Structure formats: structure tokens, C-alpha cells
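Take a look at the structure set out below.
Shown next, in the form of C-alpha cells:
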């Protein structure tokens, strides 16, 4: 059976992926710009109905060269599934490069060339894709959406919009405390349930009509979904789509900054 | 200034990168099939004049998802430069996956589904690209060419052909002995000089007309060339093109088999 793959960047997106802000804008003190930009995941072929705005790529995304493929991506894929959206989505981030520390994030989101470039993507997506609903992951993504919405082109469209808690906020905010982590997961899923109910009516053309099934207080079996192979470059091994713990920053200090280690899951060794 | 990138796989190559032999054919005892196939590097847009056939991808190729981007690729890029070929080439390998040990290599090169699939690529390349010359890197690549040449489609074309020593044969064959390594480099460059002289007349349409400048007994400054950004996926960081020692298999035993570590060169940290 053929393995689908992401065909990459045709017009008008080809121009965007060949001219993008570099380390002069995304400075090394706030961004891991040395790893290169990661642009998107999902449809750019005129079939995207839902736009997801995320925050920034991390180590899995840096290797796969598509955004939201690690744990956040698997959780999000399950969220979209509940909306009946299995492939008709496109995702972009607030930032092209991985944040280095979170200190400067809020300020950086409004740096002019970062905003200008992000708006070019949003312009192109709304010109090219029949977007019915927008989902923002976390505060900065929400602000990125609002900023674009206030532009002339943003004012000319009126998709549904919802901001939900970022899918790995429980990990960032619990600092390894497992009781706190469980609480934060429950709070996030409550927030996501409200988000599902708010945004579902805006999606007029889902891939599948599914009755809305809300989350409980923790992820149930099957509520985190693999990344579709359709979203990944040709030749990507299957475990990069089904597994979400295969890339890690190793070492410490500058060595850690310079290093990503990719590990094939044991189960994928034939 | 825009950064060029490889646009990926349009027809007829899209069908080839979605249906390819997997670990049932490329068995785990002889191939690192767990890392996924790596298909090609270079032009698939009807502008390739030179076809290079290599052997198998290694760790750099696995991460960049294009063949011949590590040390062998930089040496080969210099060889093509001497022929006036800066971008009008396409490269495929004898094998889709990295060999695990070299023991079974010769036998595996003639396994029917491996040959059948390789012939589909060669068929498609000759249908689609105006190939004037073929360069095979090492014995197995040479045999792969001869095998295809004996097919009906192979008999219908008559490009120039030369087999040259594989670009990292001196490393494989010297076992860390530096005197032997120098001798093998000198022998390889002598072989390459003969190859350059043999194949240059077949290239009627080089990118640049350059007087042929032969190698000395070791690589001179500038005789190893960076990989053009045109050959790499969108977002690839520049150091993956200019540097050739950024990916390594780390650990030992099964851990080593499962692990590739990517390290940003110090010079690329801003």
C-alpha cells in the first residue's frame, strides 16, 4: 500500500519558505535559530478548513521539519479528530524557530519583521485555503491571531475562532510534580472541552461527521493520535509519526544547545 | 537574498517515493531500514544532464533526507564542478537504505525487488531528464548501471559512462592508518582524473564551460564543495550544506544502531 507524504511547498508558499527572517531577527539569545526555521504542517493544497496556530517548534519538529509532531502534536491531532477533522487542517506557529528560554517570548511575538512574515503566511493561507475555523494554542498564538485579525485582510474574513490551553502547558507548568501535572491535564481537558463545543459549529465541512465526544479528566486510550504520514516528508520512517519521544536535547550547556539526539524506538527495530 | 530549496517529488517521481521496498525486502540483518528510505539528490525537473549512481545513504543523508550530502557528497560536488556541472545533475543510490555491515552488500544488489525498484527510478530519470553522462561511484553502482543498461529501455539510450572509485573508499579501506589513507586518496584522485578525462567529452551541455583542471595527489583547497541549498528541503540550516561532520552514530551495540546524534558546528552558533 502506498505511503502518503507531504508534497512540500508550491506557490504561493514556495516564496515564503525561500525568504524568511534569519538570526538577525530571531536572535540567538532568545531563539535556537541555528537549527533552521520550521514552517508548517498540513494541507497547503486548497483543502484546509481548520487553521491551527501554535507557538514554536521544538526538537522533534526540528528533525521532522514539520511543526507539532511531538507530544503536543499527538494531543492536538486527537483534538482535531473529535471535531471530525482528520486531514483538512493547516498549522503554522507564532515563531519560526524554537524559543531558547521563555523569558523574551512575549516581547518577541511583536517584533515587526516577525509579525510581518507571520502575516504573509496568514494572508497566503486565507487567500488559498477555505478556512472555516481557527484554533490558537496558548496565549501568544491567540495574540498572533488577534493581531492579524486587525489587519485589512484579517477584517475581510470571519472564521470561527477559539483559543485553547497549549497542549504541553501541563508539562511546562508542573515542573515534574506529578500531582500538579494531573491537575493541569484535567484543567486543560476541561478547557479543551469548552473549546470543542465553541468551535465545532463553525466547521461546516468536516472530513467525518462524528458526534462530539468530550474528554474526561485525563487522556483516554486513543485520544492522542499519530501524525498522518501525509504530513511528513517522503521517506520519513513511520515511528516518527506514531511515537512522540524520539528526539532529545542531550549534554549540557553549549553542547546541549548544539545537540539533538534521535533514537529509534525499540519497537521499530525489525 | 532568497534561500533556494529542493521542491521535492512531482510526477513521475511522486509515485516512486510513495511505494518503495520496505524491511521485508531490505532486511534488518543487512540494512538500517528502521531509518527510512532516502531517495535522491538533485534535479528532477527535466534539467539533469549528469546522472550519478552512488551506493547507500549514511547518517548525514538519513537526517537531511537527501543522498550524498556528507563527506562523499562534498568530494563528489567538487568532481562535478571540474566537469562544469554545478546544478544539472541527479543522484540516486544502488540501495535505498544504509547498509548494516558490508558483508551482504554484493548479494543484496541483485535481489529482484531491489533491482526492480531501482530500474523504475532509472526508467523515470531517462524518460524525464536529458542525461548525457553517467558517473557510477564504486563497484556496486557500476554493476547497477550495467544491469539497467541491459534492459530494453537501457539499450535505447547511450549516455557517456564512467565508473570511479567511491569518494570515501580511502576512509573505508585505510582502517585509521593515515599513511595508507594518503596513498588511497592519491590513488583515488588518479582514478578520478582518468574519469574526468573520460567523461568530459560526453557532457555537451555543462552549466559552465571550465577548462579541465585535474587533481594533484591530495585534495587542494576548494576541491571539496558544499552541497547546494537547492538540493535540500526548505528550512534546512546552512551548516548542513557547508559542513560534513554534523551527524554521528553514538553509543554502542543496539543503542548505536538506534541512535543518530546531530551536532551544530561551533561556527554556526550566533
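Chains as they are written, first to last, in the numbering used here: chain A, 155 to 424; chain B, 155 to 424. In this text, a Cβ means the ideal position worked out from N, Cα and C, and glycines have one as well. Computed from a prediction, not measured in an experiment: that's the story for all the values here.
- Rounded to whole angstroms, residue 324 of chain B and residue 278 of chain A show a C-alpha spacing of 50 angstroms.
- Beyond the five residues adjoining it in sequence on each side, residue 265 of chain A comes within less than 7 angstroms, by CB distance, of 179 in the same chain, given in chain order.
- Residues of the same chain with a CB within less than 6 angstroms of the CB of residue 347 of chain A, apart from the 5 flanking positions on each side, are 368, 369 in chain order.
- DSSP places residue 207 of chain B outside any alpha helix (DSSP H); the residue lies instead in the beta strand (DSSP E), whose first and last residues are 204-208.
- When B:271, B:239, B:243 are compared, the shortest CA-CA separation from residue 251 of chain B is found for B:271.
- Listed in chain order, the positions of the segment 184-218 of chain B with a beta carbon within less than 8 angstroms of a beta carbon of chain A are 187, 188, 189, 190, 191, 192, 193, 217.
- Around the beta carbon of residue 209 of chain A, 16 or more other beta carbons sit within 10 angstroms, so the residue counts as buried.
- For the 9 angstroms CB-CB criterion, residue 217 of chain B and residue 416 of chain B form a contact.
- Going by beta carbons, residue 280 of chain B and residue 316 of chain B fall outside the 9 angstroms limit.
- By the Cβ-count criterion, residue 409 of chain B is exposed, with fewer than 16 other Cβ atoms from all chains shown falling within 10 Å of its own Cβ.
- In this structure, residue 289 of chain B keeps its C-beta atom at 9 angstroms or more from the C-beta atom of residue 381 of chain B.
- Across the structure, residue 330 of chain A and residue 247 of chain A are spaced so that their CA atoms are roughly 26 angstroms apart.
- Looking from the CA of residue 377 of chain A, the closest CA among A:286, A:155, A:229, A:177 belongs to A:229.
- Within chain B, the residues placing a beta-carbon under 9 angstroms from that of residue 159 of chain A are 162, 163, 168, 171, 172, ordered along the chain.
- Per DSSP, reduced to three states, the secondary structure at residue 388 of chain B is coil, with no helix or strand assignment.
- In terms of beta-carbon proximity, residue 229 of chain B stays away from the interface with chain A, with every pair separated by 9 angstroms or more.
- From the listed residues A:298, A:351, A:193, A:226, the smallest Cα separation to residue 320 of chain A is found for A:226.
- Take the alpha-carbon of residue 184 of chain A and the one of residue 259 of chain A: they are about 7 angstroms apart.
- Non-local C-beta neighbours of residue 249 of chain A in its own chain, meaning closer than 6 angstroms and more than five positions away in sequence, comprise 210, ordered along the chain.
- Chain order gives the chain B residues near residue 422 of chain A as 188, where near means a beta carbon separation below 8 angstroms.
- Uninterrupted alpha helix (DSSP H) stretches at least 4 residues long and entirely within the segment 211-265 of chain B occur at 213-218, 225-236, 259-262, given in chain order.
- Chain A has no Cβ within less than 9 angstroms of the Cβ of residue 275 of chain B.
- Membership of residue 159 of chain A in any alpha helix (DSSP H) is not indicated, and neither H nor E is assigned to it by DSSP.
- Close to residue 413 of chain A, with beta-carbon spacing below 9 angstroms, are these residues of chain B in chain order: 415, 416, 417, 418.
- In the DSSP assignment, residue 339 of chain B falls within the alpha helix (DSSP H) that extends over 332-353.
- With a cut-off of 8 angstroms on Cβ pairs, the segment 380-398 of chain B is not in contact with the segment 350-363 of chain B, counting fewer than three such pairs.
- Residue 224 of chain A sits close to residue 213 of chain A, with the two beta carbons spaced by under 9 angstroms.
- For residue 342 of chain A and residue 326 of chain A, the gap between their C-alpha atoms comes out near 13 angstroms.
- Under DSSP, residue 294 of chain B forms no beta bridge with any residue.
- Among the residues facing chain B, residue 278 of chain A is not included, as its CB has no counterpart in that chain under 9 angstroms away.
- Non-local beta-carbon contacts of residue 187 of chain B in its own chain, meaning distances under 6 angstroms to residues more than five positions away in sequence, involve 177, 180, 251 in chain order.
- Taken through DSSP and simplified to helix, strand or coil, residue 317 of chain B comes out as strand.
- Nearest C-alpha to residue 168 of chain B among A:158, A:307, A:322: A:158.
- Around the CB of residue 300 of chain A, fewer than 16 other CB atoms lie within 10 Å, so the residue is classed as exposed.
- Look at residue 287 of chain B here: in three-state DSSP terms it is strand.
- What residue 156 of chain A touches in chain B, judged by beta-carbon distance under 7 angstroms, is 172, 173, going in chain order.
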